[in-house]
Amino acid sequence: MNNILEIVNLSAGYHQNKFILNNFNLTLQEGGSVGIIGQNGSGKSTLAKAIMGITPYTQGKVLWNGIDITNVPTNLRNNMGIAYFMQGGNVFGNLSVEENIRIALQNKKNVKFVKELEQLELLDLILFKNKQRLLLNAFNLSGGERHLLAFVMVLLGSHDMKLLIADEPSSSVDMKIQGELLKLISKVISDKNISVLLIEQNVHFLKTLTNNIVSITN
2 MNNILEIVNL SAGYHQNKFI LNNFNLTLQE GGSVGIIGQN GSGKSTLAKA
52 IMGITPYTQG KVLWNGIDIT NVPTNLRNNM GIAYFMQGGN VFGNLSVEEN
102 IRIALQNKKN VKFVKELEQL ELLDLILFKN KQRLLLNAFN LSGGERHLLA
152 FVMVLLGSHD MKLLIADEPS SSVDMKIQGE LLKLISKVIS DKNISVLLIE
202 QNVHFLKTLT NNIVSITN
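Residue numbering for the sequence shown follows the working numbering, starting at 2 and increasing by one per position.
(1) Just to confirm the assignment, what range does the beta strand (DSSP E) spanning residue 1 have?
(2) Distance, Cα to Cα, residue 1 vs residue 18?
(3) So the candidates are 166, 20 and 202; which of them puts its Cα closest to the Cα of residue 172?
(4) Hey, residue 43 and residue 196: beta-carbon distance below 8 Å or not?
(5) My understanding is that residue 64 touches residue 7, with C-beta atoms under 8 Å, so please give their C-beta distance in whole angstroms.
(6) I need the straight-line Cα distance from residue 99 to residue 86, nearest angstrom please.
(7) By Cβ distance below 7 Å, which residues in the same chain neighbour residue 178 in space, the five residues on each side in sequence not counted?
(8) Is residue 176 near residue 92, with beta carbons less than 8 Å apart?
(9) Using the Cβ count rule (16 or more neighbours within 10 Å means buried), how would you classify residue 168?
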């Protein structure tokens, strides 16, 4: 199997010469899955942001299919097939559910809205068995439903997704939403045969969805 992602001596942080993540190394194979666990402040989210090119100060290398992308802009990394769910998730609360999903799809060519949803069975997974709920503003959803909608938008917005980086997708949601997320991620992994880097405090999530668990320590 080819290495789809390699992290080589990566240090990253938000202030020059003061790194949160220090000399971290990781290899993720194509089609593989790795879980990241660690205490708050250990650098888990910083790792995800460094892989995406969001963290302002970094040292070391990020290799994508053997190519150094350490200085590649974030949007181009998404175009390479790296999907990123940021901790907490984000939706446009003043827009309808349908409008949110159309925004996620806007950069895709020749994709029909309903067909794309039905392909991944997302209407059921985001609790919209009644399609009229697509007309609701996102702020009228429960917090858990908004969280799930944000995750769905990441999946739909990815360009030919090859790697999913998910930063604590089960955080701050109830057991029902956690179950929906678990089904959704499992389905995406199975159907699309993608690689997964899952950052979680939820050990059940990590053991269910990943083959290997790596601990980050300060």
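Ideal Cβ positions, reconstructed from N, Cα and C, are used throughout, including at glycine.
With the structure as the only source:
(1) The structure shown has nothing for residue 1, since the chain only spans 2 to 219.
(2) Outside the shown range of the chain, which is 2 to 219, sits residue 1, and nothing can be said about it.
(3) In the sequence shown, residue 172 corresponds to position 171, counting from 1. Per the Cα distances, 202.
(4) Taking the sequence shown and counting its residues from 1, one reaches residue 43 at position 42. Taking the sequence shown and counting its residues from 1, one reaches residue 196 at position 195. The answer is no: Cβ separation not under 8 Å.
(5) Translated into positions along the sequence shown, residue 64 becomes position 63. Translated into positions along the sequence shown, residue 7 becomes position 6. Rounded, the Cβ-Cβ distance is 4 Å, consistent with contact.
(6) Numbered from its first residue, the sequence shown carries residue 99 at position 98. Numbered from its first residue, the sequence shown carries residue 86 at position 85. Taking the straight line joining both Cα atoms gives about 19 Å.
(7) In the sequence shown, the residue the question calls residue 178 occupies position 177. Closer than 7 Å at the Cβ level, and outside the excluded window around residue 178, lie 145, 148 and 149.
(8) Here the question's residue 176 lines up with position 175 in the sequence shown. Here the question's residue 92 lines up with position 91 in the sequence shown. Against a cut-off of 8 Å, the Cβ pair of residue 92 and residue 176 comes out as no contact.
(9) Along the sequence shown, read from residue 1 onward, the residue named residue 168 stands at position 167. Residue 168 comes out buried.
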